[in-house]
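One point on numbering: in this note's numbering, the residue at position 40 of the sequence shown is 21, and numbering is uninterrupted.
C-beta atoms are modelled at their ideal positions from N, C-alpha and C, and glycine is treated no differently.
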Amino acid sequence: MTVFLLMASGVMAGGLGALLGIGGGIVLVPVLVLGFGIPLEQAVPASLMCVVANSCAAAASYVENKLSDLRLGLTLELATVMGAIVGGLVAAFVAEAMVAVVFGLFTLFVSLQMLLLRAPVQEPVTTTQYVPVNYPLGISGSFVAGGLSALLGVGGGPLKVPLMSYGMRVPFKVASATSNLMVGVTGAASVAAYAWRGHLNLALVAPLVVGVLAGASVGSRWMPKVPTAVLKKLFAAVLLLVAGQMLWKGGEGLWPSLWK
């Protein structure tokens, strides 16, 4: 029964990850820890493996449909990897709880903005119908996303998608598809360190990856057909979940007496 529940969780995470470009890890970690009682040091690398699987399953479909901007993705991913390296180096000197609170407040602001602002009447949906702007903002924001990923163990998708969509004027669906392409590279680099320390539980990963591959395959086919406004509302709802998770994590570290 547990194996089927893990597969079902993978399907949910894979579908959301492919639709929204977040990899699904931010949803999968709390499900594994709170729902299945999996230790965090095993849940995080298992989630990262699922992020890689999600990206691999959806990337081909998005490239074929001209939704992924390969040039933009490669440019921003380089900055993300550099940020992840720096984040890993300074992790010992930065209060993780404070970073979690700041990130939680930021994602809360973005989610409320996406819920309250109206979507444009018609938005370009392929990489041939727009030109990205504000590359310095995108590169610096991706650097920050990589650093946060290293500090907090979260993917850069929740930050990269609104960064590209609102900061660089990239169509939302293109931003989601491009983010999906990038999180796979970031996840693969991150999971190697956990595997080296022996925290990668293959018995846990196997059913999750099977579910994620199925969910991502379905999600990548649905995404071009789902209205942009619906995707934005769904993304905002997931960001609210992320904000709550980060604020809880940060608050528990800054004010432990309130959580006793």
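inquiry  = Just verifying my parser: in three-state terms, what is the DSSP assignment at PHE(-15)?
reply    = helix
inquiry  = Just to confirm my understanding: we take MET95, look at its own chain, exclude 5 residues before and 5 after, and list those with CB closer than 6 Å. What are they?
reply    = LYS213 and ALA217
query = Can you tell which of VAL211, MET(-7), ALA40 and MET30 has the C-alpha that lies nearest to the C-alpha of THR159?
reply = ALA40
query = Which stretch, first to last residue, makes up the alpha helix (DSSP H) that contains ALA202?
reply = Here residue 202 turns out to be Arg, not Ala, going by the sequence shown. Unbroken alpha helix (DSSP H) run through ARG202: 183 to 203.
message = Using only the alpha-carbon positions, how far apart do VAL44 and PRO26 sit?
response = 27 Å
query = How would you call PRO20, buried or exposed, if buried means at least 16 neighbouring beta carbons within 10 angstroms?
reply = exposed
request  = Would you mind stating whether MET30 and GLY192 have Cβ atoms separated by less than 7 Å?
outcome  = no
ask   = Using the C-alpha atoms, what's the distance from PHE74 back to TYR116?
value = 30 Å
query = Distance, Cα to Cα, LEU228 vs ALA169?
reply = Inter-residue distance for LEU228 and ALA169 is about 26 Å (C-alpha atoms, whole angstroms).
message = Using the three-state DSSP reduction, which class does ALA76 fall into: helix, strand or coil?
response = coil
query = By the 10 Å Cβ neighbour count, where 16 or more other Cβ atoms means buried, how is MET145 classified, buried or exposed?
reply = buried
Span of the alpha helix (DSSP H), counted from its first residue to its last, around LEU140 = 138 to 143
query = Taking Cβ to Cβ, would you say ALA24 is nearer than 7 Å to VAL10?
reply = yes
ask   = Do the CB positions of THR61 and GLY137 come within less than 7 Å of each other?
value = Yes, the Cβ-Cβ distance between THR61 and GLY137 is below 7 Å.
ask   = When the distance is taken between beta carbons, is PRO152 closer than 7 Å to VAL91?
value = no
key: Secondary structure of LEU48, DSSP reduced to three states   = LEU48 falls in the coil class under three-state DSSP.
message = What does the alpha-carbon distance come out to for the pair GLU22 and VAL164?
response = Between GLU22 and VAL164, the alpha-carbon positions lie close to 20 Å from each other.
query = Closest by CA to GLY119, which one among LEU194, LEU53, VAL219 and ILE3?
reply = LEU53
message = Since ALA197 and ALA(-1) should fall inside the 8 Å C-beta cutoff, what is the C-beta to C-beta distance between them, to a whole number of angstroms?
response = Going by Cβ atoms, the distance from ALA197 to ALA(-1) rounds to 4 Å, so yes, they are a contact pair.
request  = Starting from the C-beta of GLY200, find all residues in its chain whose C-beta is less than 8 Å away, skip the five residues before and the five after it, and write them out in chain order.
outcome  = GLY(-5), GLY(-4), LEU(-3), GLY(-2), ALA(-1), LEU0 and ALA39
inquiry  = Please report the distance separating the alpha-carbon of LEU89 from that of VAL80.
reply    = Near 14 Å, if we compare the C-alpha coordinates of VAL80 and LEU89.
message = For PRO139, which residues in the same chain have their Cβ closer than 7 Å to its Cβ, ignoring the five residues on either side in sequence?
response = ILE3, ILE7, THR88, LEU220 and VAL223
query = When you compare each of PRO208, GLY68, MET204 and PRO188 to VAL(-8) by their alpha carbons, which one comes out closest?
reply = PRO188
ask   = Going by the CB atoms, is the gap between ASN46 and PRO205 shorter than 7 Å?
value = yes
key: Beta-carbon contacts of PRO13 that lie in its chain and below 6 Å, excluding the five residues immediately before and after   = Reading off the sequence, residue 13 comes out as Leu, not Pro. ILE19 and ALA24, listed in sequence order.
task = Could you pull out every residue in the same chain whose Cβ sits closer than 6 Å to the Cβ of LEU185, ignoring the five residues on either side in sequence?
result = Answer for LEU185: ALA27, listed in chain order.
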